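Numbering (the UniProt record's numbering), first residue to last: 1 to 252. Have a look at the structure below, then the notes.
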């Protein structure tokens, strides 16, 4: 599987594919990736509605697909409890977190720095320790202002494919899928939240933007933590990947 070279019109697909077609498309993407990468295909599970949808889809493809969760010391207790339940049900979900000291007000004074330490770095650790070649996310292009230019198959880091199999789904279609398959979800949704993060940086918000409650009141409002926008391979690992690729090409 390579990064998509033909650029499709995501918005047209969002509006014109029906629900069943979107499910089939998502399953096909995961199945093709699993056939290509096998155990090096890993699902990133944020414990939000989109991630548990992708996790359920992946398990329909193969019950052996592994996953990882990045958690922080600032997660709401509801999210922590839900995480413990999910890991108990799926022992193949590994938990990663950062022990680096972070001040209580860093999320307000320097939210990008806070996310870099608590979310991006543990994600890099998961990618390296689990020897990931393709990571699967629950990212959707209709979720917010920062997610309109993503593709279903991407290679933002050399040698690391990112698969976004529900990129074309609408919010209501996610909830429709979860209801049909009776998939357990984070109890915070019952309280009115639409997008979940760390407690200090997540509020209940209304309006068309699902992520409006994330980092509200800061310059980062409705933005990204960084795992979808920053390099996830360390310089050493990236160099090793490039050298390995070059050697492989020389031996062909």
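Ideal Cβ positions, reconstructed from N, Cα and C, are used throughout, including at glycine. Fair warning: this is a prediction, and the values are worked out from it, not measured in the lab.
Q) Quick one: what's got a C-beta closer than 6 Å to residue 34's C-beta in the same chain, skipping five residues either side? A) 41, 61, 62
Q. Rounded C-beta distance between residue 87 and residue 95? I'm assuming under 8 Å.
A. 7 Å
Q: Go to residue 96, then tell me how far its alpha helix (DSSP H) extends in each direction, as first and last residue.
A: Where residue 96 is concerned, there is no enclosing alpha helix (DSSP H), although the beta strand (DSSP E) it sits in stretches over 93-96.
Q: Could you spell out the range, first to last residue, of the beta strand (DSSP E) harbouring residue 135?
A: 134-136
Q. For residue 154, which beta-bridge partners are listed by DSSP?
A. 162
Q.
Any contact between the segment 36-50 and the segment 12-24? By contact I mean 3 or more CB pairs, one from each, below 8 Å.
A. no
Q. If we ignore side chains and look at the alpha-carbon of each, how far apart do residue 9 and residue 142 end up?
A. 13 Å
Q. Can the beta-carbon of residue 200 be found closer than 8 Å to that of residue 54?
A. no
Q) Around the C-beta of residue 173, are 16 or more other C-beta atoms found within 10 angstroms, so that it is buried, or is it exposed? A) buried
**Q.** Assigned secondary structure, residue 69 (DSSP; H/G/I helix, E/B strand, else coil)
**A.** strand
**Q.** Whole-Å CB distance - residue 30 paired with residue 132, under 8 Å assumed
**A.** Not quite, the Cβ-Cβ distance comes to about 15 Å (not below 8 Å), so this is no contact.
Q.
Less than 6 Å between C-beta atoms, sequence neighbours within five positions excluded: which residues of the same chain meet that for residue 66?
A. 42, 92
Q: Output the distance between the C-alpha atoms of residue 45 and residue 225, rounded to the nearest integer angstrom.
A: 14 Å
Q) So what does DSSP say about residue 214, is it helix, strand or coil? A) strand
Q. Does any CB atom of chain D fall closer than 8 Å to the CB of residue 207?
A. The structure shown contains no chain D, having only a single protein chain.
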